[in-house]
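Novice:
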Amino acid sequence: MVLTLIFADIIEVLALQLVNSMKYVLSIFIIGILVACGSVSTTESQPQETPEIGTPMPTISARDSGSEDEGYVQLNIFSGREQPDWNLTRDQTKQLAALVEELPRTDQTLPETGLGYSGFEVYLPNPDETFFDAMIVYNGIIEYRVNEIIHYLTDNDREVERFLLASAESHVDDAVYTTLQDEIASSDTE
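Residue 1227 in our numbering sits at position 51 of the sequence shown, with consecutive numbering throughout.
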């Protein structure tokens, strides 16, 4: 009986050591995959140069490229399924650029998001680097990148978000559109 208890204790200790070893190996394996995919950097990141609030914003212009579609928008609203996306026409791109150019700079960054709606991503062609490459619009804050430098704008009335929502109407189902419309409207009363 004592021998059986000792044997059981030894088996239990070995099993715990095996589990801990497997956790360690699995952790190393996952980190290796993340590094290989570029999700985790093994080198120290260099701080990005952030312009002072008073510096002029790069021009955000919608060039006449001859293309009917100028921009691409993705609505980030789902978890675990494909996000709705659509193209902006040249006229919509010009309207968007005009809205964004009027907004003041801020040092406030994008708010944290959870599940559900987390903003619009907008991408515009940028061959001559005269306007933003990418922009995230969420909850009255706009983060945009020009030449890999991040800038922030504030849109207290959420006009840009409303504009992008209007451009989404024919690209998302009614339930998503109504939910998003309600979410943007509810934050106006907060």
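Note that the Cβ used here is the ideal one computed from N, Cα and C, for glycine as well.
So what's L1264 in DSSP terms, helix, strand or just coil?
Specialist: Residue 1264 sits at position 88 when you count from the first residue of the sequence shown. If DSSP states are grouped into helix, strand and coil, L1264 belongs with the strands.
Novice: Could you tell me which residues DSSP puts in a beta bridge with Q1271?
Specialist: Position 95 of the sequence shown, counting from 1, holds the residue named residue 1271. DSSP, once it has assigned bridges, lists no residue as partnering Q1271.
Novice: Is it true that the CB of L1329 sits closer than 8 Å to the CB of L1279?
Specialist: Locating residue 1279 in the sequence shown gives position 103, where the first residue counts as 1. Locating residue 1329 in the sequence shown gives position 153, where the first residue counts as 1. Result yes, Cβ atoms of L1279 and L1329 sit closer than 8 Å.
Novice: Name the two residues that bound the continuous beta strand (DSSP E) containing R1338.
Specialist: If you number the sequence shown from 1, residue 1338 lands on position 162. Careful: R1338 lies outside any beta strand (DSSP E), inside the alpha helix (DSSP H) at E1335 to A1344.
Novice: In the DSSP output, what is G1316 paired with across the bridge?
Specialist: Here residue 1316 corresponds to residue number 140 of the sequence shown, with the count starting at 1. In DSSP, G1316 forms no bridge with anything.
Novice: With T1289 as the anchor, note down where its beta strand (DSSP E) starts and where it stops.
Specialist: On the sequence shown, position 113 is the one that residue 1289 refers to. Element bounds for T1289: n/a, residue is neither H nor E.
Novice: Beta-carbon within less than 8 Å of S1221's beta-carbon, same chain only, minus the 5 sequence neighbours each way: which residues are those?
Specialist: The residue labelled residue 1221 in the question sits at position 45 within the sequence shown. Confidence at S1221 is low in this model, with a pLDDT of 39, below 50, so the placement of that residue should be treated as unreliable; the coordinate-derived value is given next. Answer for S1221: no residue qualifies.
Novice: Which same chain residues end up closer than 7 Å to I1360 when comparing Cβ atoms and leaving out the 5 residues on each side of it in sequence?
Specialist: As a position in the sequence shown, residue 1360 is number 184, starting the count at 1. Contacts found: R1334, E1337, R1338 and L1341.
Novice: Here's the rule: buried if 16 or more other CB atoms are within 10 angstroms of the residue's CB, otherwise exposed. What is I1253?
Specialist: Within the sequence shown, residue 1253 is the residue found at index 77, counting from 1. Counting Cβ neighbours within 10 Å, I1253 comes out buried, since at least 16 surround it.
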